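Residue numbers (this note's numbering): 425 to 700.
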């Protein structure tokens, strides 16, 4: 009923899952991930107990293929299950029971596993694996997962149609405000084109919660400082003595607080301010 990818970033710091299906709110059932531990996807008559059990096994150092073997061996319904697992190191692992609805199967490689059932054909998982591998130069795991999911969708995806999609990425201390491990957690529960909608949401997530490359930050000096001060004042945020404070006050209301850096301004923040 679903196609998914579980993967690890090239630097090993991030783990995540991207999934799409002709199934309501697939993100509530399929994905699971824990920072510095790994990620998994349970689908095709999903056994949701795989999620805590699989992460617990990964946390003790059990490799991905052994996690798959252990979970499925203990499950009397394994022939109707599908599972993908990736750990902190090594190849990912995937499992497809003989009772899964055709077409069903998966592929795994260094740091990833893709799998799907009720697909238009094997090209779905093949294109997902190829797209993920080809995106190695992209630093964002969320973007790489989305590229792979989009490739599967374009290749045909779920042969019954489209309904929902989800993206989950975790990394130690890299979530909101540095107080969470959840970097991205986006869900499209019911939509005629959920993968496209998921991409739109990720763009918004990047705007609001991404952090600029320090090399891109612009000094708040001279004419730029005067412009920013004037634009903030027009929005009711005036602090002649402290431009940083005025900018931070406005940015907090606009949900851009993660992009505020004292003495400088993120080009995306500046563009947003100018567009108002």
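We put the CB at the ideal spot given by N, CA and C, even for glycine.
Owing to the predicted nature of the structure, the values given are computational and were not obtained by experimental measurement.
Check	Outcome
Beta strand (DSSP E) segment containing residue 445, residue limits	438-445
Cβ contact (3+ pairs, closer than 8 Å) linking the region 567-579 and the region 612-622	yes
Extent of the continuous beta strand (DSSP E) to which residue 702 belongs	The question about residue 702 has no answer, for the chain in this structure spans 425 to 700.
Cut-off 8 Å between Cβ atoms - residues of its own chain near residue 549, not counting five sequence neighbours on either side	427, 529, 530, 531, 538, 539, 540, 543 and 576
Coarse secondary structure for residue 472, derived from DSSP in three states	coil
8 Å Cβ cutoff met for residue 588 and residue 614	yes
CB of residue 508 within 8 Å of CB of residue 465, strictly	yes
N- and C-terminal bounds of the beta strand (DSSP E) containing residue 506	506-510
Own chain, CB closer than 8 Å to residue 569, minus 5 neighbours either side, in chain order	429, 431, 440, 441, 442, 556, 591 and 593
Beta strand (DSSP E) segments (min. 3 residues) lying fully within the region 595-661	606-612
Beta-carbon proximity list for residue 472, same chain, < 8 Å, skipping 5 on both sides	453 and 466
Helix, strand or coil at residue 450 [DSSP, three-state]	helix
Rounded separation between residue 498 and residue 437 - CA only	30 Å
With 16 other Cβ atoms within 10 Å as the buried cut-off, status of residue 448	exposed
C-alpha distance - residue 634 paired with residue 672, whole-angstrom precision	16 Å
Residue range of the beta strand (DSSP E) that includes residue 537	536-540
Start-to-end residues for the alpha helix (DSSP H) that takes in residue 543	Looking at the DSSP string, residue 543 is not in any alpha helix (DSSP H), and its letter there is neither H nor E.
Same chain only: Cβ atoms within 6 Å of residue 679, ignoring 5 sequence neighbours per side	632
Residue 693: first and last residue of the uninterrupted alpha helix (DSSP H) it sits in	691-699
Simplified DSSP assignment, three categories, for residue 557	helix
DSSP bridge partner residues for residue 429 (one or two, in chain order)	442 and 538
Coarse secondary structure for residue 702, derived from DSSP in three states	This structure gives no information on residue 702, because the portion of the chain shown stretches from 425 to 700.
Residue 490 in three-state terms, based on DSSP	helix
Where residue 518 falls: helix, strand or coil (DSSP)	strand
Opposing strand residues paired with residue 688 [DSSP bridges]	643 and 685
Beta strand (DSSP E) segment containing residue 530, residue limits	529-533
Bridge partner(s) assigned by DSSP for residue 457	463
Nearest residue (CA-CA) to residue 469, options 686, 567, 504 and 492	504
Contact check, residue 510 vs residue 516, beta carbons under 8 Å	yes
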